[in-house]
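As structure tokens, the structure follows; a few thoughts come after it.
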Amino acid sequence: MATVLEREPKGLTPKDWASDQEVRWCPGCGDYAILKAVQKTLADLQADPDRTVFISGIGCAARFPYYVESYGFHTIHGRAAAIATGVKLANPELDIWVVSGDGDSLSIGGNHLLHLLRRNVDLVYLLFNNEVYGLTKGQASPTSPRGTVSPSSPGGTLDAPVNAGAFALGAGARFVARVADVVQGPMVEVLTRAHGHRGTSFVEILQNCIVYNDGAFDAVTDKATAAEHQLWCRHGEPLLFAGGTKGVRLVPERFALEIFDVGADGLGAEAALVHDETNPMLAQMLVRLDVPTALGVIFAVEAPSYDAAFSAAAPTRKPGLADLQRQVGGRTTWKIG
Amino acid sequence: MATVLEREPKGLTPKDWASDQEVRWCPGCGDYAILKAVQKTLADLQADPDRTVFISGIGCAARFPYYVESYGFHTIHGRAAAIATGVKLANPELDIWVVSGDGDSLSIGGNHLLHLLRRNVDLVYLLFNNEVYGLTKGQASPTSPRGTVSPSSPGGTLDAPVNAGAFALGAGARFVARVADVVQGPMVEVLTRAHGHRGTSFVEILQNCIVYNDGAFDAVTDKATAAEHQLWCRHGEPLLFAGGTKGVRLVPERFALEIFDVGADGLGAEAALVHDETNPMLAQMLVRLDVPTALGVIFAVEAPSYDAAFSAAAPTRKPGLADLQRQVGGRTTWKIG
Amino acid sequence: MNEISHLVGAAGPDSLVVRFAGDSGDGMQLTGSRFTQEAALDGADLATFPDFPAEIRAPVGTTFGVSAFQIQFGGRRVRTPGDRLDVLVALNPAALKVNLEDLRPGGTLIIDTAAFVDRNFKKAGYDHDPRDDLDGYRRLDIDITKLTQAAVKPLGVGNRDANRARNLWTLGLVLWLTGRSRGATQDWIRERFAAEPLVRDANLAALDAGHAYGETAELPRLPEVLAPGQTAPLPPGRYRTVTGVDALCYGLVTAARLSGIDLFYGSYPITPASSMLHMLARLGAFGVRTFQAEDEIAAICVAIGASYAGQLGVTGSSGPGIALKMEALGLAIATELPLVVIDAQRGGPSTGLPTKTEQSDLFQAVLGRNADAPLVVLAASTPGDCFPVAIEAVRLATRYMTPVMLLTDGFLANASEPWLIPDLAALEPFPVRQGAAVDGFQPYARDPATLARAWVPPGTPGLRHRIGGIERSHRTGAISYDPANHQMMTDFRRAKILGIARDLPAQGFVAGGMDDRILILGWGSTFGAIESAVDRLRADGVSVAHAHLRHIWPLPANLGDILASFERVLVPELNTGQLHLLLQGVYGCRLESLTKVSGKPFTAAEIETRVKTLLEA
Amino acid sequence: MNEISHLVGAAGPDSLVVRFAGDSGDGMQLTGSRFTQEAALDGADLATFPDFPAEIRAPVGTTFGVSAFQIQFGGRRVRTPGDRLDVLVALNPAALKVNLEDLRPGGTLIIDTAAFVDRNFKKAGYDHDPRDDLDGYRRLDIDITKLTQAAVKPLGVGNRDANRARNLWTLGLVLWLTGRSRGATQDWIRERFAAEPLVRDANLAALDAGHAYGETAELPRLPEVLAPGQTAPLPPGRYRTVTGVDALCYGLVTAARLSGIDLFYGSYPITPASSMLHMLARLGAFGVRTFQAEDEIAAICVAIGASYAGQLGVTGSSGPGIALKMEALGLAIATELPLVVIDAQRGGPSTGLPTKTEQSDLFQAVLGRNADAPLVVLAASTPGDCFPVAIEAVRLATRYMTPVMLLTDGFLANASEPWLIPDLAALEPFPVRQGAAVDGFQPYARDPATLARAWVPPGTPGLRHRIGGIERSHRTGAISYDPANHQMMTDFRRAKILGIARDLPAQGFVAGGMDDRILILGWGSTFGAIESAVDRLRADGVSVAHAHLRHIWPLPANLGDILASFERVLVPELNTGQLHLLLQGVYGCRLESLTKVSGKPFTAAEIETRVKTLLEA
Ligand SMILES: Cc1ncc(C[n+]2csc(CCOP(=O)(O)OP(=O)(O)O)c2C)c(N)n1
Ligand SMILES: Cc1ncc(C[n+]2csc(CCOP(=O)(O)OP(=O)(O)O)c2C)c(N)n1
Ligand code: SF4
Ligand code: SF4
Ligand SMILES: [Mg+2]
Ligand SMILES: [Mg+2]
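Residue numbers (the working numbering), protein chains in the order written: chain A, 69 to 405; chain B, 69 to 405; chain C, 2 to 618; chain D, 2 to 618.
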């Protein structure tokens with residue numbers, strides 16, 4: 069999403085990006101941290117609030133637009149991707165952020181997300197993945213691990229979860245990133261990248277629902293375990309983690325990634341794969357890693373955006389009334405009277 | 069889909085699997101060949117017509133159930149996957165085949181297909197991909213190549229197509245195969261494999277729409293070019309094509325497949341990758357190959373099927389009236405009068 | 002020139018009803034529309050009714066593969082495609098089987114004898130040669146196939162390709178029989194097949210041969226319904242033919258110009274709505290961009306997004322697809338965004354009869370949503386009427402910040418009629434205002450005259466605000482769960498829509514008036530049939546008036562008074578009585594209902610008969 | 002014992018209305034349901050009304066985060082949660098702000114003074130201490146927080162944890178004030194917190210301390226509405242309390258047993274329908290399996306699939322979700338499969354007021370689909386009534402091979418009342434027959450009595466056939482585009498549903514009868530309010546009768562006669578007049594409408610007032 073700013077940067081601070089509406093999430097919800105990071109990103113980018121639009125579906129995450137001092141549209145469950153597509157095509161000058169939950173995006177909204185990604189409409193898509201339906205009080209979502217006990221699955225869920233990143237890649241996404249609610253600095257970095265990318269920038273944000281699914285991402289976000297669980301993907305840099313003591317390398321015979329201890333078995337840091345965010349197969353493998361969890365910009369390639377092609381296909385000459393009259397009048401006519 | 073036959077095989081012939089209804093596709097439509105292959109498969113399998121159900125959405129492809137001498141349900145556009153899920157869960161003994169078009173499956177029905185594949189409900193899913201909306205007279209479909217000129221896209225389509233196989237893998241499919249309408253023998257083989265697999269067996273069938281998209285797969289199916297364009301994937305066998313003169317090998321540095329001429333650059337037939345249908349990353353690369361087009365069983369792994377888990381979770385003891393009375397009566401009660 | 006004099010009568014002395022019927026592959030739609038063009042250019046009034054199967058190309062020779070095109074034309078006002086056929090062309094036994102019952106006694110029956118063979122009898126479900134039972138018709142049994150082959154043979158065209166020209170041979174014959182010219186068809190063939198000279202020449206040869214055959218064989222001509230130089234008594238002006246789809250799409254592009262904003266059409270293909278998508282896709286230069294969405298829900302959602310962003314969102318579909326849009330439509334109603342939703346009705350329920358016509362989505366349009374969710378509903382009554390109705394839909398949507406549902410149907414979509422080409426410069430513009438005074442802007446503050454809120458698209462400097470589907474505070478638009486606010490907003494939504502009645506012209510009469518005894522109150526595409534019936538009834542001295550609703554919701558302000566002033570009010574509709582129930586519901590009075598749900602339009606006779614029964618009762 | 006004698010009157014001498022209000026985190030729903038249990042066990046009749054915000058946990062102290070639970074209980078018949086409050090508990094200023102208007106003059110107001118501090122005033126939107134303006138109430142300003150802390154301190158419980166027990170302290174006090182026992186609550190605490198002894202003991206201590214406070218402080222007790230040993234005049238038998246969700250789910254599992262087939266519940270979470278999914282998920286052993294689908298469309302589709310396969314498919318949602326199901330519902334109507342669709346109505350349009358009640362989906366239920374697509378619509382009137390209505394839905398769906406829409410609402414779903422536990426053995430089984438005689442089986446042949454076709458699931462030996470959504474030939478089910486067949490099938494579908502009226506009991510009266518001057522005709526959850534209003538009116542000598550519709554479509558056969566026999570008929574409903582329009586539409590007569598759309602149930606007084614106005618008019 070890159071909108072050329074025609075006006076002067078406004079020197080807005082993150083605080084200026086807060087609307088006057090009281091934030092209504094549960095105390096301790098991970099959504100607060102995401103809101104903060106988004107507001108900081110917008111301030112850093114010197115984005116224009118009059119041309120910024122937040123569009124959401126329904127869910128806890130989807131309340132987001134009310135809290136940002138920009139234009140905002142809180143729509144209906146699962147349809148934000150489609151509505152945002154219409155907004156962008158009608159006015160390509162707008163800077164659009166879609167905010168959606170795992171249920172909103174991957175359950176009821178799965179089809180629209182598929183087609184948004186395939187079309188590659190230029191906007192940032194934030195999927196707040198808390199692996200639960202927050203707003204409707206805690207049912208399992210399509211990203212909940214198999215066996216999740218919830219009000220609607222007292223005996224545990226029976227289905228394998230959707231991997232959001234793998235789904236996005238399967239749908240043809242050209243930008244796939246992942247962060248977690250608590251990692252403020254890197255989140256701003258990733259959001260900035262997402263905003264700069266032309267086309268649909270898909271960002272999965274691991275988000276803690278303190279009420280219905282507390283601790284779902286503890287292993288990834290807890291200080292004690294974070295280093296072992298966070299694999300930061302940075303283009304051109306080696307895929308090392310655990311403070312550089314572990315690395316990721318390719319096992320060509322199995323077309324698979326493997327974790328190794330730096331120093332063991334004669335493997336040095338240079339044995340680690342160098343992240344190439346333009347490689348689709350590497351992205352496929354990275355999004356599926358569980359321990360460690362791949363974070364950062366996992367995949368990013370350039371491709372024509374739908375809205376750009378749509379604008380380009382627009383007729384350049386606006387026909388006049390006479391042209392319209394000719395068109396409506398048709399070719400074969402006759403006179404009576 | 070494996071249903072243990074309790075009754076004697078019936079010795080039915082393919083002809084016995086033809087219903088009394090007149091087939092209403094356009095003369096020359098690829099659907100005829102698929103119907104023939106399916107009827108032959110059913111006969112070969114000695115399937116039980118009373119326990120076989122064909123379920124479809126809407127489209128030319130979706131008329132299929134009328135023509136098979138089994139139970140059949142021609143439902144509504146895009147929803148066959150969901151309806152079939154209900155049928156299977158209500159009666160796991162049934163042998164279910166879903167028949168759907170590219171519009172039915174990947175446009176309006178994308179969400180249900182995603183969740184069917186993720187859940188892994190035990191049935192065979194046939195996607196007749198003719199890269200066009202046949203029944204509604206020729207509009208571009210989500211699998212039409214970018215630039216397709218159609219009644220609804222006189223200036224050419226602007227969007228990148230969905231790759232059906234890649235989408236299925238991204239959705240978590242455990243069985244992905246591809247065939248083309250005209251390759252009868254191999255189609256029967258693949259359908260037989262699909263039927264034998266437990267879980268959702270996803271089979272994309274390249275199908276010629278002679279009226280609205282004639283020749284879309286000519287390169288793959290024409291005698292003259294078939295050898296160069298058909299890469300048959302058989303588990304444990306080398307990925308060779310063009311009569312063994314060409315092969316597919318891995319370029320580890322690029323995590324990509326490469327075509328090579330057998331004999332050139334010192335590469336013999338043994339340089340070809342051996343197909344491993346259980347390897348998800350190989351499958352990812354194969355489904356995306358364009359020339360040659362990967363055909364056959366591209367991916368197949370075992371995984372629990374949803375319906376089996378659903379049946380297993382069913383209470384074993386059927387409670388009696390007294391139990392129900394106790395349940396309805398509740399725990400805290402009082403007497404009046 | 003001989004004349005088949007007994008033909009005169011049934012269809013009236015100055016109109017003829019012709020139906021071309023054959024296999025889906027026989028080009029009957031093309032034949033019909035070419036014939037229509039010729040009749041129109043000759044100055045006839047006319048109405049057409051294409052009727053085709055749901056299958057793309059059903060197996061050759063089957064009854065369900067029969068495609069037909071009917072036209073009534075003549076020197077008088079023609080309101081419908083005609084109740085009974087004067088001429089039936091049946092290019093195969095299946096076409097005969099399906100259509101014969103509509104041919105009036107003594108009517109002319111043209112068949113291609115080459116197709117009347119055992120194999121085809123069986124396919125059509127005949128156990129013997131049906132020609133054995135064809136008494137009472139004027140028969141023209143011609144080996145059209147052989148004659149066409151002979152005609153094109155000199156060009157070096159083989160038999161297979163020759164058969165593709167059978168329809169033009171037939172057209173030539175019928176043009177001769179009816180005394181029409183064939184120049185426009187020749188021009189059309191030359192242009193259409195310019196790149197394929199052989200095909201062009203074969204078609205021309207076939208057309209000419211059919212025409213010549215009539216002359217050479219000295220076939221008696223059909224009665225002259227339009228003398229040379231005569232024109233039908235239509236208002237003076239320049240005419241063209243339009244289908245409902247043509248007129249509707251022209252209405253939309255014209256509305257784009259009149260309103261000064263671009264329209265955005267989001268749709269998902271479905272019969273019979275797809276043709277709007279196709280046509281609008283070609284009209285992009287005129288202010289309507291199109292988008293083929295992944296499904297109907299996405300289609301209405303992109304339209305809502307476009308409306309939110311400042312273009313006018315339009316979406317179109319047919320019954321099942323409209324049903325899918327209802328949840329999202331509620332969002333547009335709640336957020337009070339302008340939107341136009343076009344429902345091209347077809348036979349139902351469910352997939353139903355996709356290519357057949359019906360008026361059974363009226364309930365869906367007016368009442369088919371969760372909660373109290375009022376909007377505007379309009380219905381077009383003839384192909385040409387789709388033009389002003391489309392403009393009216395855009396005008397009301399933008400003026401009142403409301404979704405508008407526009408009802409057409411399969412019949413209107415495909416039928417055609419002569420259309421007085423509107424002078425666009427003479428139409429009243431209704432420039433749309435976006436944005437609001439910055440001073441104290443409140444997203445849900447209302448214009449006291451219309452109760453509409455301001456349309457402030459994102460990107461408007463300084464008017465940032467947030468809206469959504471949860472109930473909104475009546476001024477700020479912020480989420481509000483306040484009971485009194487919900488009551489107030491519900492009342493506002495209702496009052497805004499009902500108040501539109503004040504902005505509508507009083508309901509008038511197509512024929513007759515308040516002094517008549519009986520009123521026929523119609524809506525939608527039954528217009529022509531009712532008009533014809535009323536014409537005849539009034540000519541017979543029956544005191545019957547005809548009013549036709551364009552505004553289904555809100556209803557015209559004076560409608561209650563009109564209904565109250567008639568002894569009997571008959572509401573004919575192609576459903577099981579939907580407008581009837583709605584009107585009784587609104588006015589608490591008793592009306593008569595006439596319904597038909599066979600996938601076919603009313604005949605004028607059906608309406609006449611019912612009125613006569615009412616008079617006797 | 003002192004009594005606050007002026008309390009007697011407003012709510013009647015033998016019932017009291019109490020509302021507990023506080024922050025979402027304050028446990029008001031739990032407090033209310035515990036109180037309900039105690040009152041029930043004491044033999045009171047009662048009705049409750051939980052009212053909570055849409056936010057999961059809105060910021061502490063805000064007005065939109067207020068959660069409330071209201072109960073009316075007493076020794077007489079209690080029909081509603083009560084119009085005006087005798088007692089309001091407001092645990093913080095926001096709770097006071099939102100609820101005070103409902104407290105009747107002279108009512109008792111209990112507040113926790115610890116929460117009445119500047120910070121909280123601001124959060125609640127007060128610019129000063131609201132206590133300054135509280136005239137005319139009986140005030141109990143108590144530092145509940147401090148007293149609770151003190152009560153649990155001996156156990157070693159810190160202040161933060163102590164605050165969690167504030168609600169039980171308050172409950173103890175209110176139980177004392179109203180003269181209720183607290184034994185059941187003590188048992189419940191012991192069981193619920195068995196694994197956390199400290200929490201258990203703290204809660205017990207708080208409950209006891211609140212109770213003791215009332216006694217020690219010598220607070221005047223509220224008037225006795227149920228003497229010790231007295232029970233409300235309910236029919237004799239064993240009782241429990243149920244919410245509408247409880248009763249509905251028990252109805253479904255009971256129907257599974259009575260019908261002899263398993264039920265399959267497919268749903269997608271949505272307020273207020275989710276609780277049905279939750280409860281049924283725990284009742285799997287009793288013949289209802291559940292499936293959480295990916296969306297509402299899939300939910301109805303799996304249910305349709307299950308019905309096709311021989312189980313009874315059931316799906317449930319709320320307004321927006323039901324709207325999404327309409328297209329698929331058409332398939333079930335067209336293929337004539339049994340199905341039950343439960344619509345737990347809520348405030349709309351669009352997302353609207355998800356946690357508030359409304360009756361505005363009646364149009365959607367009866368008419369909200371494309372084409373003429375008739376089905377059965379039932380509505381439950383009280384929490385307990387959900388039980389028989391659920392059984393009736395299953396009975397009609399399976400007997401007539403039709404979808405049945407069952408309307409409940411947010412109020413019914415959550416409200417509770419004493420329920421005479423049914424003797425299941427005494428209920429009439431209605432065994433469902435599947436399959437058909439092999440001889441000449443035709444999928445669309447109809448039972449002449451019911452017009453239902455046979456239910457032949459796949460897997461049935463020898464009866465292979467194919468069905469679908471395109472219009473079906475009236476016997477074979479094969480695709481048919483025949484006009485006469487479509488007319489016939491449309492007529493069959495209509496006649497089948499309308500014919501069900503013959504299978505329904507005649508519409509009766511809840512109070513009064515044909516001799517009265519005025520009829521109040523209600524439907525759904527307005528039952529209690531109408532009943533109370535009619536009780537009072539009749540006690541005042543007003544000639545008013547009350548009838549309440551369970552069967553919305555088809556309407557009872559004798560309803561037209563009933564309507565015709567009254568001078569005036571008033572139709573009260575929580576929408577803008579939907580049943581009113583439907584009835585006028587069907588019977589062509591004029592009725593009076595009383596509407597309310599504020600997200601809250603009617604008060605009895607609102608209905609009384611309207612009847613009085615009518616009498617004067
Ligand atoms: C059409 C429709 N169906 C269902 C709902 C109920 N609903 C609201 S939010 C939600 C799911 C929320 O989960 P998610 O998208 O993960 O967001 P979260 O609350 O977890 O942030 C559901 C099912 C609805 N509002 N509309
Ligand atoms: C709800 C709904 N929307 C749209 C349609 C119209 N429709 C029927 S089939 C079809 C698409 C057909 O394309 P595909 O699924 O690729 O099947 P094919 O005809 O090519 O075999 C569409 C859009 C419909 N019947 N129902
Ligand atoms: S329910 Fe969970 S996701 Fe929703 S606001 Fe509360 S903590 Fe956040
Ligand atoms: S339109 Fe195409 S897909 Fe449909 S039946 Fe004809 S050839 Fe086959
Ligand atoms: Mg979530
Ligand atoms: Mg297709």
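The beta carbon of each residue, even a glycine, is placed where N, CA and C say it ideally should be.
As the structure is a computational prediction, the values presented were derived from the model and not from experiment.
query	result
Below 8 Å between beta carbons is the criterion; list the residues of the segment 310-334 of chain A that meet it against any residue of chain B, in chain order.	L318, P320, R322, F323 and A324
In the DSSP assignment, the alpha helix (DSSP H) including S260 (chain D) goes from what residue to what residue?	G245 to S260
Would you say I72 (chain D) and F50 (chain D) are within 9 Å of each other, going by their C-beta atoms?	yes
Taking 9 Å as the cut-off, decide whether the C-beta atoms of N371 (chain D) and G411 (chain C) are in contact.	no
Apart from the five residues just before and just after R241 (chain C), which ones in its own chain have a Cβ nearer than 8 Å to its Cβ?	A41, P419, W420 and I422
The beta strand (DSSP E) with M406 (chain C) in it runs from where to where?	P404 to D410
For a cutoff of 9 Å on Cβ pairs, would you count F141 (chain B) as touching chain D?	yes
Residues of chain D with a CB under 7 Å from the CB of V279 (chain A): which are they?	I57 and R58
Let me check understanding here. Comparing Cα to Cα, which of B:F378, B:D249 and B:R356 lies closest to G267 (chain B)?	B:F378
Could you please tell me which residues of the segment 290-321 of chain C, in chain order, have their CB closer than 9 Å to any CB of chain F?	No chain F is part of this structure, whose protein chains are labelled A, B, C and D.
Quick one: what does DSSP say V166 (chain B) is sitting in, helix, strand or coil?	strand
Mapping the DSSP letters down to three states, classify I151 (chain B) as helix, strand or coil.	helix
I need the boundaries of the alpha helix (DSSP H) containing C387 (chain D), first residue and last residue.	C387 to Y401
Chain B partners of L278 (chain C), CB-CB under 7 Å?	S220
Are there three or more Cβ pairs, one per stretch, closer than 8 Å when the segment 278-289 of chain D is compared with the segment 429-439 of chain D?	no
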